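**Student:**
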Amino acid sequence: MDKPSLNEISLAWSEDFDDSRNKILELDVLNALKPHENLSTLEIKYYGGENFSNWIGDSAFLKLAEISFEKCYNCTTLPPLGQLPLLRDLTIQGISQVKVIGAEFYGNRGNGELPFPSLINLTFEDMSNWEEWHGIEGVIELPRLHKLNIRSCSKLVRLPKLLVPSLRKLEAEECNVVVLNHMQNLESLTQIELKKIFGLTSIIKAFVQFPFTLESLSVDECDDLVTLWPSDNTARNLVKLRKVHVKSCPKLASLQEINVLPNLRILEIQECGVLELLPNKISCLERLAIDQCPSLKTMMKLQDCSTSLRYLEIMNSWLNWNLTNLLGSGHNYQSLTLLCIIGCDGLESFPHGGLPTPNLSALYINNCKHLKSLPDRMDLLSSLSVLRFINCASLMELFPQENIPPNLSILEIRNCGKLKPLGEWGLHKLTSLEEFEFGGCCPELVSFTNNADEEHCVLPPSLTSLSLYELPNLETLSKGLQSLTSLQELNIDGCPKLEALPMEDQLKKLLRLRIVCCPLLNKRCLKNKGDYWPIIADIPLVVIDDHSVFDSRP
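Heads up: the sequence shown begins at 1 in UniProt numbering, then just goes up one per residue.
1. To the nearest angstrom, report how far apart Phe17 and Glu125 are at their CA atoms.
2. Look at the alpha carbon of Ile536 and the alpha carbon of Ser548, and state the distance between them as a whole number of angstroms.
3. Would you report the Cα separation of Ile314 and Leu326, rounded to the nearest angstrom?
4. Going straight from the alpha carbon of Glu137 to that of Leu162, what length do you get?
5. Which residues in the same chain as Pro230 place their Cβ atom closer than 8 Å to its Cβ, once the five residues preceding and following it in sequence are excluded?
6. Looking at the secondary structure, which residues open and close the beta strand (DSSP E) in which Asp493 lies?
7. Mark Asn366 as exposed unless 16 or more other C-beta atoms lie within 10 angstroms of its C-beta, in which case mark it buried.
8. Which two residues bound the contiguous alpha helix (DSSP H) that contains Ser364?
9. For Ser10, collect the residues of the same chain with a Cβ closer than 7 Å to its Cβ; drop the 5 residues on either side in sequence, then sort them by chain order.
10. Measure the alpha-carbon distance for Phe105 versus Leu81 and round it to whole angstroms.
11. In its own chain, which residues sit with a C-beta less than 8 Å from the C-beta of Cys517, not counting the 5 before and 5 after it?
12. With a threshold of 7 Å on Cβ separation, who are the neighbours of Pro250 within its own chain once the five nearest residues in sequence on each side are excluded?
13. With a threshold of 8 Å between beta-carbons, can Phe210 be considered close to chain C, or not?
14. DSSP three-state label for Arg377, please.
15. For Pro115 and Ser166, I'd like the C-alpha separation in whole angstroms.
16. Between the Cα of Gln334 and the Cα atoms of Val100, Asn359 and His352, which residue gives the shortest distance?
17. Assuming Ile539 is part of the alpha helix (DSSP H), what are its boundary residues?
18. By DSSP, does Tyr311 sit in helix, in strand, or in coil?
19. Where do the ends of the alpha helix (DSSP H) carrying Tyr106 lie?
20. Measuring from the CB of Val458, is there a heavy atom of the ligand ADP at a distance below 7 Å?
21. Return the bridge partner residues of Cys457 from the DSSP annotation.
22. Below 8 Å between beta carbons: does that hold for residue 585 and Leu62?
23. Any idea which residues DSSP pairs Tyr476 with across the strands?
24. Trp425 and Leu398 look like a contact to me (Cβ under 8 Å); what is the Cβ gap, rounded to whole Å?
25. Can you give me the C-alpha to C-alpha distance between Gly199 and Ile390, rounded to a whole angstrom?
26. At what residues does the beta strand (DSSP E) containing Arg158 begin and finish?
27. On the criterion of 16 or more Cβ atoms from any shown chain inside 10 Å, does Ile197 qualify as buried, or is it exposed?
28. Residue ranges of each alpha helix (DSSP H) run of no fewer than 4 residues wholly in the stretch 214-281, ordered along the chain?
29. Which partner residues of Phe198 appear in the DSSP bridge assignment?
30. Would you call Pro375 buried or exposed, if buried means 16 or more other Cβ atoms sit within 10 Å of its Cβ?
31. Given a cut-off of 8 Å on the beta-carbon distance, is the pair Leu471 and Gln506 in contact?
32. Kindly give me the distance between the Cβ atoms of residue 628 and Leu148, rounded to whole angstroms, as I take these residues to be in contact under 8 Å.
33. Answer with buried or exposed for Ala235, where buried requires no fewer than 16 other C-beta atoms within 10 angstroms of its C-beta.
34. Strictly by DSSP, which residues pair up with Asp89?
35. State the Cα-Cα distance for the pair Gly343 and Gly439, rounded to the nearest angstrom.
36. Please state the DSSP three-state secondary structure of Arg553.
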């Protein structure tokens, strides 16, 4: 296949590896498909031969920079790819018959040349029978490697001392901890991502030479993990570590050793069922996220990071705590812009006098069934633009005593069944509000007019998007919405009695109309049949019961 201008080739056989496959014939075909030596990218998928062609790995391919082998299930050996001078990216996936990788992989080198002289990214994945990886004595096999990914290679237990002085990112998943034990010369490593590592009890003990250059650590679904590092002295040396993410480690009971990390910025903890102890304090933390840690006995005190904390997320962790204890008294969290609390039954109230977060821009509260009211003095939160309260069954009042954030642009209130009638919320005073999502509240609501004045809308005229959900008695939108002159999007879902849309002039201004589970309204909006159709036909996007009436304008 002598085509000098052909730079990229993808060769794919059938995905079915049945008795009709002829291994010898497929090798002959691959031999015949030898490309010109100008090739830069090669991909081979579902090849059924036992060996690769001799031309693959030939050092004459001076420009070959990217190679991918995928699901070549019958191959038992790998070609001599180490002798390709410009190979930068190599992916080997699903070569399940390979048991040993050795000298054949590195190829022949002359004049003391190192193998894989240009390789930057290397991935081994789904090598289900791979057991041994042999190196070359006294040689750095991967001198320029930046990223190594070893995934689903559960039988790999014999490895050389992998000298990877240039490695920056290590990803390992569904592997034995032995793989980590053989990584050495890690002076450039900044990122480690580990998932389902068998036998991993401690991060520090997994490496013969622990990389104190580390900036980011992620540990996920490691069933044997009991500690990150056994002593505070280790942590003190991790001066560059800025992010720690831990998820689904069922034996991990304490993270107090994180206390002394000098420059930690981000701490994320998820689904650690027996975790009881968090670090007492972290002085420069910017983001704290805790999700589904039901055994926590105490919550860390955040006063020491009051000037740096930007994002605080506490989710699905029952605690007998309140925000006063968490944030402390007399501290001003000037940098905090996001506060998210989800599924925390212990939250009953906000600190008296309001949140000490003058620059808060987003507040999310979801599924806190004992919370009764919003924070005091929300009128002082001039940066607050997003407010979402969902599934708060005890919430009784939204904005008491003119407690209205002045610059709110997005408001979502859903499934808060004890709230006062919508007309008493004072929403018309939210002059910056653009998006309003509302539902599962105020079951008595029939329209959006004020009972005292049917022409007066309880919503502000600044709205551009209105979403209504599960309002069982809502009957009409034709009254009370006349003042919403900027409305561009209207979503209606689960309003069985609703049969009237806004006035014609407003409908024609819409860019998007979505109607779901509103049987009376659906009939009136049927394409070419309903009495609303001539009006809504000019709206660019109309969705009825999650089916677009038309995809685009002719």
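Glycine included, each C-beta is placed from N, C-alpha and C at the ideal position. Bear in mind that the values here come from a model prediction, so they are computed numbers and not experimental data.
**Tutor:** Quick answer:
1. 19 Å
2. 13 Å
3. 11 Å
4. 11 Å
5. Ser202, Ile204, Lys205 and Glu257
6. Glu489 to Asp493
7. buried
8. Checking the displayed sequence, the identity of residue 364 turns out to be Tyr instead of Ser. Where Tyr364 is concerned, there is no enclosing alpha helix (DSSP H), although the beta strand (DSSP E) it sits in stretches over Ala362 to Asn366.
9. Glu43
10. 6 Å
11. Asp493, Gly494, Cys495, Pro496 and Asp545
12. Asp223, Gly273 and Val274
13. This model lacks chain C altogether; it includes just one protein chain.
14. coil
15. 14 Å
16. Asn359
17. Ile539 -> no alpha helix (DSSP H), and no H or E assigned at all.
18. strand
19. Ala103 to Tyr106
20. This structure lacks the ligand ADP, and indeed carries no ligand of any kind.
21. Thr449
22. Past the boundaries of the shown model lies residue 585; the chain is included only from 1 to 554, so the question cannot be answered.
23. This sequence places Thr at residue 476; Tyr is not what is there. Paired residues: Ala500.
24. 5 Å
25. 41 Å
26. Taken as a continuous stretch (DSSP letters only), Arg158 belongs to no beta strand (DSSP E), as it is neither H nor E.
27. buried
28. 232-236
29. Asn176
30. buried
31. no
32. Shown here, the chain extends from 1 to 554; a query on residue 628 therefore has no answer.
33. buried
34. Glu66 and Asn121
35. 19 Å
36. Legend: pLDDT at Arg553 = 44, less than 50; position of this residue unreliable, value from coordinates given subsequently. Three-state DSSP puts Arg553 in coil, outside helix and strand.
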